[in-house]
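Colleague: Residues in the sequence shown are numbered consecutively from -1, following my numbering. Before we start, here is the structure in question, set down as C-alpha cells.
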Amino acid sequence: MYSHTKIKSDQFVKLGKKFTVFLLLLIMSACAAPNAVEVAVEPNETSAIEIAEAEETAIPSSTPIPNPDQPTPVINTARPENTPTITPTAVLLVDPNIEIPTAHIRIHRPGPGSKVSSGFFLIIDFIPTGDNKVRIELFGEDGRSISAFNHRYIARLNQERVELAFAIDYEIQAFSELGRIQVSLDDEFGRPQALTSVDLILLSAGSSSINPPQDEREKIYIQQPFKDTIVPGGSLALTGIVRTDNANPLVVELTTEEGKVVGTALAGVAVEPGQAYGLFAGEVEYEVDEPTWVRMTIRELDRRIPGVRYVSSLLFVVAP
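If you want it as C-alpha cells, here you go:
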C-alpha cells in the first residue's frame, strides 16, 4: 500500500517537472515573440522606404536642392551675332507728297530766330485783299506793342502778289528780349483774312544777325469745308493740316459781313514728333436765320508771347 503510493508520487513529481519545463519554454517563447515581430517587420519597412525613395528620385524636381559642398555653376549666355532688332515705325499723319499752297503772306526777311537791332529790314509778299491795306506790328516778350503801323498799297488788276519792304525802328530798355514781328491783312469788311509772324531776338544795340526764311507754305491749310460752298444744318465739320510745334487747339470763328460772330469752337491738333505737318479737326455750331456768307478764321495762339501767331481763313455760306 505504501509502495504503491510512493510510485504515484514519483510519477507526479516527474510529471510536474516536465510541466514546469514546458511553462518555462512557453514563457521564453512568449518573451522572444516581440523580437521576432521586429525582425519580421524591419525588412518590410526598409523595403517600403527604399521603394518610396526610388519613386521620388524618378520624378524630376523643378528646383534642385543645392549641395553646399559643390560650387554653383555659372552659365554665360552668349548673345547671338546679328540679332534682329525691332524698330518702331512712325505713323505718317500727313502724306508728305500732298500739295500745300504757298502762304497767303510770306516773310522773306528776317527769318525765325534772327537777332535784329533797330532799323532792320522787313521784306514781305502777299496776295492782295479788298481793303488794299497791310498792318505791321512788333511785339515785346510780354506782349506789349513796340511798333505798329498800317501801309496802304496799290495793286494792279489781276496782280497775284504784292512785294513790300520796310525799315522797322524800335526802342527797348533791356539789352535784349524776345520779340515777334507780325504782318496781317483784313478783307473789305474789316474781318481778319490772313496773318503770319516770325519770332525774333530784339537787341537794343549792335548789329543784326539775320537767319534765312523757312517753310513758306501755308501753316494752316483748310481742307474742309470747301470755299464758296453752302453748309446747312446748324453745324459744320472742319478738317485740315497744320504746321506747328505744339498740340494746343486752334481757335475757330464764323463771322458775318456785318462783323457778327455766329459760331465759335476749338479744333484739336494731332502732331507726330519729327513730322512737319499734323492734323486738326473740329466741329462748329452756328445760328443763322437764313443763308449767310461767313468768313471762317482759324487762329494759332502764341505760347511764348501773348497774342496770335497765325491766321488762315475761308469764305462760304452757312444755312439753317
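Each residue gets a CB set at the ideal place from its N, CA and C atoms; glycine is no exception.
Check residue 293 in the structure and name its three-state DSSP category.
Modeller: In the structure shown, residue 293 sits in a strand (DSSP, three-state: E or B).
Colleague: So residue 225 and residue 313 are in contact, right, with Cβ under 8 Å, and what is the actual spacing, rounded?
Modeller: Correct: roughly 6 Å between the Cβ atoms.
Colleague: Looking only at its own chain, which residues have a Cβ that is under 6 Å from the Cβ of residue 117, when we skip the five neighbours before and after it?
Modeller: If we look at residue 117 and ignore the five residues flanking it on each side, its Cβ neighbours are 165 and 167.
Colleague: Using the three-state DSSP reduction, which class does residue 161 fall into: helix, strand or coil?
Modeller: Strand, per DSSP.
Colleague: Name the DSSP beta bridge partners of residue 219, please?
Modeller: 239.
Colleague: Just mark residue 136 as buried or exposed, buried being the case when its beta carbon has 16 or more other beta carbons within 10 Å.
Modeller: Per the 10 Å Cβ criterion, buried.
Colleague: Between the segment 104 to 118 and the segment 197 to 208, do three or more beta carbon pairs fall short of 8 Å?
Modeller: Taking 8 Å as the limit for Cβ pairs, the verdict is that the segment 197 to 208 does touch the segment 104 to 118.
Colleague: Report the three-state DSSP secondary structure of residue 266 (helix, strand or coil).
Modeller: It is a strand residue.
Colleague: Just to confirm the assignment: which complete beta strand (DSSP E) runs, minimum length 3, are found wholly within the segment 100 to 149?
Modeller: Listed in chain order, the complete beta strand (DSSP E) runs (minimum 3 residues) inside the segment 100 to 149 are 103 to 107, 113 to 115, 118 to 124 and 131 to 138.
Colleague: Measure from the alpha carbon of residue 250 to the alpha carbon of each residue in 301, 227 and 292, then state which is nearest.
Modeller: Comparing Cα-Cα distances from residue 250 to each of 301, 227 and 292, the minimum goes to 292.
Colleague: Keeping to the same chain, check which residues put their C-beta closer than 8 Å to that of residue 58; ignore five residues upstream and five downstream.
Modeller: At residue 58 the pLDDT is 48, less than 50, meaning the model places this residue with poor confidence and gives no usable figure here.
Colleague: I'd like to know whether the C-beta atoms of residue 169 and residue 138 end up nearer to each other than 8 Å.
Modeller: Not closer than 8 Å, so no.
Colleague: State the CB to CB distance for the pair residue 190 and residue 309, rounded to an integer number of angstroms; the pair is presumed to be in contact (CB under 8 Å).
Modeller: Indeed, because the Cβ distance is near 5 Å, the residues count as touching under 8 Å.
Colleague: Is residue 192 near residue 103, with beta carbons less than 8 Å apart?
Modeller: Yes; because the gap between Cβ atoms is below 8 Å, this pair is in contact.
Colleague: Checking 8 Å against the spacing of the C-beta atoms, do residue 245 and residue 286 come in under that value?
Modeller: No, these two residues do not count as a Cβ contact at 8 Å.
Colleague: By Cβ distance below 6 Å, which residues in the same chain neighbour residue 202 in space, the five residues on each side in sequence not counted?
Modeller: So the qualifying residues of the chain are 170 and 173.
Colleague: What number of angstroms, rounded off, separates the C-alpha of residue 109 from the C-alpha of residue 144?
Modeller: Whole-angstrom Cα-Cα distance: 19 Å.
Colleague: Is the beta carbon of residue 247 closer than 8 Å to that of residue 266?
Modeller: Yes, Cβ-Cβ distance for residue 266 and residue 247 is below 8 Å.
Colleague: Report the rounded CA-to-CA distance for residue 241 versus residue 152, giving the unit in angstroms.
Modeller: Cα-Cα distance, rounded: 31 Å.
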